Amino acid sequence: MRLRRPALSEPAIRVVLLHGLGGGPSTWNSFAALAPPRLELWEADLPWSVGGTREWTHRPDPGRWVDDAIEGAEVVIAHSFAANLLLESLARGMKISAAVLVAPFYRASPSEFDWATIESYLAGFYTILDHGLRVTSGDRLSPDTRHDMAVKLREQLGPYSWMRFFDAYLRSPLVDTAAVTTPCLVISGHDDRAAPPRDGRALAEVLPRAHFETLAAGHLPMIEQAHVFAELVGDFVSALTLEIT
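Residues in the sequence shown are numbered consecutively from 0, following numbering that gives the first Met the number 0.
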């Protein structure tokens, strides 16, 4: 855990930022530059980062790293794979004041998974990584260079990483969402082909205290629509000021 930015005004609100699979703390660069001044930003460098090793994939429950990272947090903002792990943590009784779930993967029923779904996500893993590289590089990479980097990143993450991600997706219909009493803001990208907005909307509908928003973005709305994302988070936190303070 690292302090990314101290609060610029009082009273401070401790916020923990959790990146997704193959990401890293830099995922939050744009948000950190625009975040409301009351937010004290802490970033977690999780073992599934772009620079991580594969040892974490050999453990059946990666959620323990999320539990450790969010201890003492008031607000947690989690992206993609980490959003699913955070959801499970909240369902197990982890207490925080508010959560922002960005591009979560969710299906309401196990019957919504079939072999075609598995095949599409296995084949599409490269596409997710390629999209992330395109967004984070600001289109500075040529398509050929980006292709080579996405293939290398896929190889670096390895099959076990994909299995841990998809296992969390498969578990999503089994999460006791009724037990999640934490106020949640669910944000999806309108053009997200990995975690489509229907997933975020379906999740928000089964959470007791959730609000759903879509942004004109793909899988990284905190980068692709940084200003709007920061405003949404700021409004969400401001509405909960009395509960948090």
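Don't be surprised by glycine CBs; every beta carbon is placed ideally from N, CA and C. The structure displayed is predicted, hence computed values, not measured ones.
Which of helix, strand or coil does DSSP assign to T244?
Legend: pLDDT at T244 = 49, less than 50; position of this residue unreliable, no value from coordinates given.
Can you tell me whether H283 is buried or exposed? The criterion is at least 16 other CB atoms within 10 Å of its CB, across all chains shown.
Since the first residue of the chain shown is 0 and the last is 244, residue 283 is not available in this structure.
Would you please verify whether the beta carbon of W114 is less than 8 Å from any beta carbon of chain C?
The structure shown contains no chain C; it holds only a single protein chain.
Going by the beta-carbon positions, is the gap between V232 and V134 smaller than 8 Å?
No.
Which residues bound the beta strand (DSSP E) around S187?
C183 to G188 is the extent of the beta strand (DSSP E) around S187.
Mind pulling the alpha helix (DSSP H) runs of 4 or more residues that sit fully within the stretch 2-60?
Those alpha helix (DSSP H) runs which fall completely within the stretch 2-60 and span 4+ residues are 28-33.
Apart from the five residues just before and just after L152, which ones in its own chain have a Cβ nearer than 7 Å to its Cβ?
Excluding sequence neighbours, L152 sits near G21, V49 and L128.
Counting Cβ pairs closer than 8 Å, one from the stretch 200-209 and one from the stretch 105-113, do we hit at least three?
In short, these stretches touch, since the Cβ pair count reaches three.
Measure the C-alpha to C-alpha separation of E223 and G217 and round it to an integer number of angstroms.
The C-alpha of E223 lies about 7 Å from the C-alpha of G217.
Taking the beta carbon of H226 as the centre, do at least 16 other beta carbons fall within 10 Å, making it buried, or is it exposed?
H226 is classed as exposed because its beta carbon has fewer than 16 other beta carbons within 10 Å across all chains shown.
Mapping DSSP to helix, strand and coil, what is F104?
Three-state result, F104: coil.
By a C-beta neighbour count over all protein chains shown, 10 Å radius and 16 as the cutoff for buried, is T244 buried or exposed?
With a pLDDT of 49 at T244, under the threshold of 50, the predicted position of this residue should be treated as unreliable, though the coordinate-derived value follows. Classification for T244: exposed.
Take I316 and list the residues in its own chain whose beta-carbon comes closer than 8 Å to its own, dropping the five residues that flank it on each side.
Since the displayed the chain opens at 0 and closes at 244, residue 316 lies outside it and no answer follows.
Taking DSSP as the reference, what is the three-state secondary structure of V174?
Coil.
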